[in-house]
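Protein chains in written order, with my numbering: chain A, 1407 to 1575; chain B, 4 to 441.
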């Protein structure tokens, strides 16, 4: 019954720690777009694709004592850090999840800044559009982030690398 | 005259129990209502399995979609028109998006989407942008008009003011469904002074704000929403029917994948089972089709499918106990799973944890990933203030997520001691602390 929760725990297990709710959301969205079997529904919000289901699952895992959430004051806002607890690890050890290569991708994504993942996930959200239209979307919907052409190019390149790696895996 | 501005020779009205009348003057809106994709919404209930609990809840997504359209029409025609912050060119776009916002919903969407990993929002986009009657009507307005309508509904349109009319914490969608669902279920919650809220709505750059003088009407609306969620939407009996419905779909899919010889073959489900559902296939599904299969599958040889369908058709629902997620409860669940197997009752289908959760109101904190556009008040001095900063009532429930978990099971099976009595008694003892649960 908790398969989707267990998958999320697996992500936290391989990443050791994910800093920031935004980062967690974007990692999960990108992994889903890379065809890893995550089924949370995402909609477009302030920072790009966002899943309320995912937020809820994390809360439930915290309630279960399987995930540790640490809230830290960071300038004008709070930042949240997520990691698996010992009982979470124990639970996960009884759960057989077949997600080969997940660790390579998650660790790679986790090393990137949240701002960059926000851009990558936004591009993936609009990937059915032409590149020029995607750029327009980024500049219009994320104008406060002031992304540059170079950043957009490097995000496209990163997506290509991820996809190549996934196909090769 | 351009099609976008074309008016009907006489205003058409739909009699509506919530808004009294729904007024249509625009030819585009009338034509959209007549499309087969929109008419299909008549055959999809707004509240899914809620009719098992509140027998009046038979209203459809068609009624609701018209209601949302009417609320937006009143806002843009009666409140926003002529105000400098409102661009009249967005009027028709707002009305079309309001009317079509739910067009991608399927039958019993909640369960279908969960079991088959579908997303009605994706279908909404495909119906608006694909080869459909709706697309043909919208394309007559302008080549890029369908795309704009789809963007408003997907919340990716450049003008956030238009989006917030249909998707925000105080939008036409919620204002309609709260009142409509209250009316049809017959409950006394869900009522608030919508006329007052509409009169104090003001367009501002990127959003719609509420004049401070309307704050108490908004407080009432938020409390109504809170009560409706817990009294109607998350009702445990409705959720029991949802659980059974989901399990029927799981079972049918599993049987299909294992080559089970159905007496009534699930022809309409083939593409869904195979994970390759086209818009055409999707549009053929409605509640009458689903209920036909459930009715027929009562006589299948497979005992689980047959039993679950009988339960759904005849309202023989699962019972439930509270389930508070914790390590202890989790251990108990593992134990129960093992006992269910001993009792030869498949826990995959007959022991189910179901969770419901709602956040009544939340505001956006910069730097965090929050999902909700806040409600902003327009203060007498022209300042904009977030609602919970002014309202103590709203502040008290802001950001407080309430979650409810229940464990569902077939009590009738467990009380049948003709087989596996010891295992069943142990289960009842664990579930209820007694073996004589009524």
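For glycine and all other residues, C-beta sits at the position ideal for the given N, C-alpha and C.
query: When the Cα of residue 279 (chain B) is compared with those of B:35, B:109, B:121 and B:153, which residue comes out closest?
result: B:121
Interface partners of residue 330 (chain B) on chain A, CB under 8 Å: 1470, 1471 and 1493
- prompt: In terms of DSSP beta bridges, what is residue 204 (chain B) paired with?
  reply: B:213
- request: May I have the straight-line CA-CA distance separating residue 38 (chain B) from residue 234 (chain B), to the nearest angstrom?
  value: 35 Å
Cβ of residue 1530 (chain A) within 8 Å of any chain B Cβ: no
- prompt: Where does residue 262 (chain B) fall in DSSP's three states?
  reply: coil
query: residue 1546 (chain A) versus chain B: which residues are under 8 Å apart at the beta carbon?
result: 161
- prompt: Does DSSP classify residue 1569 (chain A) as helix, strand or coil?
  reply: helix
- request: Verify the CB distance criterion: does residue 1533 (chain A) have a CB-CB separation below 8 Å to chain B?
  value: no
message: Let me check you understand the geometry: is the CB of residue 1450 (chain A) closer than 7 Å to at least one non-hydrogen atom of the ligand MN?
response: Looking for the ligand MN in the displayed structure turns up nothing, as the structure carries no ligands at all.
message: Tell me which residues share the same chain as residue 284 (chain B) and place their Cβ nearer than 6 Å to its Cβ, disregarding the 5 neighbours each side in the sequence.
response: 274
task: Give me whichever residues DSSP pairs with residue 1450 (chain A) in a beta bridge.
output: A:1455
query: Just checking my contact of residue 168 (chain B) with residue 106 (chain B) at CB under 8 Å: how many whole Å lie between their CB atoms?
result: With 8 Å as the limit, residue 168 (chain B) and residue 106 (chain B) do not qualify as a contact, their Cβ atoms being about 17 Å apart.
task: For residue 160 (chain B), collect the residues of the same chain with a Cβ closer than 6 Å to its Cβ; drop the 5 residues on either side in sequence, then sort them by chain order.
output: 154 and 166
task: Flag residue 113 (chain B) as yes if its beta-carbon sits less than 8 Å from any beta-carbon of chain A, otherwise no.
output: no
- prompt: With a CB to CB cut of under 8 Å and the five nearest residues on each side skipped, what residues in its chain are close to residue 269 (chain B)?
  reply: 255, 259, 276 and 296
message: Between residue 1423 (chain A) and residue 1489 (chain A), how many whole angstroms is the CB-CB distance? I'm expecting something under 8 Å.
response: 5 Å
query: Which residues of chain A have a Cβ atom closer than 9 Å to the Cβ of residue 63 (chain B), listed in chain order?
result: Those within 9 Å of residue 63 (chain B) in chain A number zero; the least Cβ separation is about 23 Å.
- prompt: Straight-line CA distance for residue 128 (chain B) to residue 149 (chain B)?
  reply: 9 Å
- request: Can you have a look at residue 385 (chain B) and say buried or exposed, based on whether 16 or more other CB atoms are within 10 angstroms of its CB?
  value: exposed
message: Between residue 1449 (chain A) and chain B, is any beta-carbon pair separated by less than 8 Å?
response: yes
query: By the criterion of Cβ-Cβ separation under 8 Å, what are the contact partners of residue 122 (chain B) in chain A?
result: 1447
message: Just verifying my parser: in three-state terms, what is the DSSP assignment at residue 279 (chain B)?
response: coil
- request: Please compile the residues from chain B whose C-beta is within a distance smaller than 7 Å of the C-beta of residue 1462 (chain A).
  value: 360
- request: Mark residue 1573 (chain A) as exposed unless 16 or more other C-beta atoms lie within 10 angstroms of its C-beta, in which case mark it buried.
  value: exposed
task: For residue 333 (chain B), go through chain A and note every residue whose CB falls closer than 8 Å to its CB, in chain order.
output: 1470 and 1497
- prompt: So what does DSSP say about residue 1487 (chain A), is it helix, strand or coil?
  reply: strand
field: For residue 219 (chain B), the first and last residue of its enclosing alpha helix (DSSP H)
entry: 218-231
task: Kindly list, in the order they appear in chain B, the residues whose Cβ is closer than 9 Å to that of residue 1466 (chain A).
output: 328, 358, 360, 406 and 408
field: Delimiting residues of the alpha helix (DSSP H) encompassing residue 179 (chain B)
entry: 175-188
task: With a cut-off of 8 Å on the beta carbons, I'd call residue 1444 (chain A) and residue 1413 (chain A) a contact; round off their distance for me.
output: 6 Å
- prompt: Does DSSP put residue 87 (chain B) in a helix, in a strand, or in coil?
  reply: coil
- prompt: Is residue 25 (chain B) helix, strand or coil when you go by DSSP?
  reply: strand
query: From the DSSP output, which residues share a beta bridge with residue 1478 (chain A)?
result: A:1485
field: First and last residue of the uninterrupted beta strand (DSSP E) at residue 78 (chain B)
entry: From DSSP, residue 78 (chain B) is part of no beta strand (DSSP E); its letter is neither H nor E.
- request: Indicate the three-state DSSP secondary structure (helix, strand or coil) for residue 348 (chain B) in the structure shown.
  value: coil
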